[in-house]
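Enquirer:
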Amino acid sequence: MDNVKVICPLCEAGELIFKTSPWTYCYKEHDFVLEDIEFAECTSCHSELILPDQSRRNEARIRDEHRKIDGLLTSIDITQLKKHFHLTESQASQIFGSLDFSKYETGEQIQNK
Ligand SMILES: [Zn+2]
1062 MDNVKVICPL
1072 CEAGELIFKT
1082 SPWTYCYKEH
1092 DFVLEDIEFA
1102 ECTSCHSELI
1112 LPDQSRRNEA
1122 RIRDEHRKID
1132 GLLTSIDITQ
1142 LKKHFHLTES
1152 QASQIFGSLD
1162 FSKYETGEQI
1172 QNK
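Heads up: take any position in the sequence shown, counting from 1, add 1061, and you land on our numbering.
#1: First and last residue of the alpha helix (DSSP H) that includes Asp1125?
#2: For ligand 1, list every residue whose C-beta falls under 7 angstroms from any of its heavy atoms, going in chain order.
#3: Report the option in Tyr1088, His1145, Ile1139 and Pro1113 whose CA atom is closest to the CA atom of Phe1100.
#4: Thinking Glu1076 and Val1067 are a contact (beta carbons under 8 angstroms), I'd like their distance in whole angstroms, please.
#5: Would you decide whether Asn1173 is buried or exposed? Buried here means 16 or more other CB atoms lie within 10 Å of its CB.
#6: Only counting the same chain, and skipping five residues up and downstream in sequence, which positions put a Cβ closer than 6 angstroms to that of Cys1069?
#7: Specify the secondary structure class of Lys1174 as computed by DSSP and reduced to three states.
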């Protein structure tokens, strides 16, 4: 996203600067902090907003923290397990009971226990 100018959708005058900041979340009475949560700030109206791409990445990370709190494997754990056991996509899908295993790896979807 460097070098690409994104005009602020709110004032249509400023340019969006991509930033990160630590953010505290709470899930099932567990507080956790994620460093480098992504957002954008306008150089003109100074609005802070989260773009769809940023939101997707932020949410995948939040879901991984939820998994840890729930005692489930994170998307990184799942990818490592798949590599460790040399599983193919379809074998992994059978074991984890999903037809779309890649969603677990990208953090788009949370698996059951
Ligand atoms: Zn603006």
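Backbone N, C-alpha and C define an ideal beta-carbon position, used for all residues, glycine too. Here the structure is a predicted model, which means the values were calculated and not measured.
Expert: Taking the coordinates as given:
#1: Counting along the chain, the unbroken alpha helix (DSSP H) around Asp1125 starts and ends at Pro1113 to Ile1130.
#2: Of all residues, those with a beta-carbon under 7 angstroms from at least one heavy atom of ligand 1 are Cys1069, Leu1071, Cys1072, Ala1074, Gly1075, Cys1103, Ser1105, Cys1106 and Ser1108, reported in chain order.
#3: Nearest option by C-alpha distance: Pro1113.
#4: 7 angstroms between Cβ atoms; contact.
#5: So Asn1173 ends up on the exposed side.
#6: If we look at Cys1069 and ignore the five residues flanking it on each side, its Cβ neighbours are Gly1075, Leu1077 and Cys1103.
#7: The answer is coil: DSSP assigns Lys1174 none of H, G, I, E or B.
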